[in-house]
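Below is one structure, written out as structure tokens; the observations come after it.
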Amino acid sequence: MKKYFIILFAVLTTLTAFGQQKKNGKQKKSAFFATEFAQEFSLSKEVETKVYEIKLSQMDEAQVVFKAKKSNEITPEEAKAQLKVINKKYSKMILIESKVNQKEYYAFVKELQPKMKEVK
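Just so we're aligned: the sequence shown equals residues -19 to -1, 1 to 101 in mature numbering (1 follows the signal peptide of the UniProt record, and there is no 0).
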């Protein structure tokens, strides 16, 4: 009986330890975006960190809209409009922080979107 408790304790401890190490999807996607963005435009590590924080904030705000849409608090059209405003706001912040040309930025984002969907 004592052996079973020890084994159970070891298994639970291991599961808990590994469970805490996981990054959630938003953090992974934000990190991926910031890294790719910094490499594409030869940005400093400091700017990359700021872009990561901005992108993470954008995803947090967008998640609120997605949850509201899923629970039928807002219509899909309202959600689309709100997401457009959010994306525009945070894109401006990234452009200001990185000093990248708007046209180049949007071309980069369009190119990166399929890759972002693969990040989990």
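Beta carbons are placed, not taken as given, at the ideal position from N, Cα and C, and that holds for glycine.
Rounded separation between residue i and residue j - CA only
i, j, result
"Phe14", "Glu58", "27 angstroms"
"Lys48", "Glu78", "29 angstroms"
"residue 143", "Val66", "Nothing can be reported for residue 143, as the shown portion of the chain is limited to -19 through 101."
"Ala19", "Lys(-18)", "54 angstroms"
"Asn82", "Lys73", "11 angstroms"
"Lys69", "Asp41", "15 angstroms"
"Ser52", "Lys26", "39 angstroms"
"Glu85", "Asn5", "29 angstroms"
"Glu16", "Leu37", "The amino acid occupying residue 16 in the given sequence is Thr; Glu does not appear at that position. Between Thr16 and Leu37, the C-alpha separation is close to 13 angstroms."
"Lys96", "Glu54", "30 angstroms"
Proximity below 7 angstroms, CB of residue i to CB of residue j
i, j, result
"Ile75", "Val46", "no"
"Phe89", "Glu21", "yes"
"Leu24", "Ala43", "no"
"Lys50", "Ala60", "yes"
Whole-Å CB distance - residue i paired with residue j, under 8 angstroms assumed
i, j, result
"Tyr71", "Ile35", "6 angstroms"
"Lys9", "Val100", "5 angstroms"
Residue range of the unbroken alpha helix (DSSP H) whose run includes residue i
i, result
"Ser52", "Counting along the chain, Ser52 falls outside any alpha helix (DSSP H), and DSSP gives it neither H nor E."
"Val90", "Gln83 to Glu99"
"residue 109", "Absent from the structure is residue 109, since the part of the chain shown begins at -19 and ends at 101."
"Ser11", "Gly6 to Phe22"
Heavy atom of the ligand MG within 6 angstroms of residue i beta-carbon
i, result
"Asn5", "The ligand MG is not part of this structure, which contains no ligands at all."
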